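Note sheet for the following structure.
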Amino acid sequence: VQLQASGGGLVQAGGSLTLTCQADRSIDNINFMAWYRRAAGAGRELVASITQSGGTNYADSVVGRFTIFKDNAKKILYLRMNSLKAEDTAVYYCNDAYQASVEYWGLGTLVTVSS
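In this note's numbering, the protein residues as written are 543 to 657.
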């Protein structure tokens with residue numbers, strides 16, 4: 543599945559952004575989808591995930607601030623980010639489990655949080 547992340551930008555600390563990940567085909571039957579991020583000089587980390595049935599999981603650093611959800615009809619995965627902090631600055635990627643396991647990544651979308 544081809545996944546295109548968008549919605550990044552420059553935001554002040556405390557602000558909000560919603561990232562979107564548009565798929566080129568149905569995501570109904572994808573068991574695991576997630577948002578990842580890579581900050582400058584750091585490795586890629588899992589931020590939030592969602593299962594086929596809608597179960598979610600979050601990195602400790604974003605619990606209570608980020609929400610992952612999807613719209614199967616529109617073939618879109620979302621990441622709502624509230625109360626953004628400077629340390630959330632990173633390139634954000636969406637992916638499914640298989641493509642992440644074989645290190646196949648799209649371009650991502652840059653989120654910059656100014657303090």
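Note that the Cβ used here is the ideal one computed from N, Cα and C, for glycine as well.
These numbers come from a predicted model, not from an experiment.
Taking the C-alpha atoms as reference points, what is the distance between residue i and residue j?
| i | j | result |
| --- | --- | --- |
| I618 | K612 | 6 Å |
| T593 | S657 | 33 Å |
| E629 | A615 | 33 Å |
| F574 | Y635 | 14 Å |
| Y640 | R580 | 19 Å |
| V553 | M623 | 11 Å |
| S568 | A547 | 16 Å |
| S595 | Y620 | 15 Å |
| V604 | E587 | 12 Å |
| L545 | I572 | 12 Å |
| D570 | T631 | 30 Å |
For the beta strand (DSSP E) containing residue i, name the first residue and the last one.
| i | result |
| --- | --- |
| F547 | The sequence given here has Ala at residue 547, not Phe. Per DSSP, A547 belongs to the beta strand (DSSP E) from L545 to S548. |
| Y634 | A632 to D638 |
| G551 | G551 to Q554 |
| R580 | F574 to R580 |
| S591 | R586 to T593 |
Spell out the partners DSSP gives residue i in its beta bridges.
| i | result |
| --- | --- |
| Y620 | T562 and F611 |
| V655 | V553 |
| N599 | S591 |
Tell me, to the nearest whole angstrom, how far the beta carbon of residue i is from that of residue j; I am working on the premise that it is less than 8 Å.
| i | j | result |
| --- | --- | --- |
| A555 | K627 | 6 Å |
| R607 | S625 | 5 Å |
| V524 | L559 | The structure shown has nothing for residue 524, since the chain only spans 543 to 657. |
Is it buried or exposed, residue i, if we count other Cβ atoms within 10 angstroms and call 16 or more buried?
| i | result |
| --- | --- |
| A584 | exposed |
| N637 | buried |
| V655 | buried |
| Y578 | buried |
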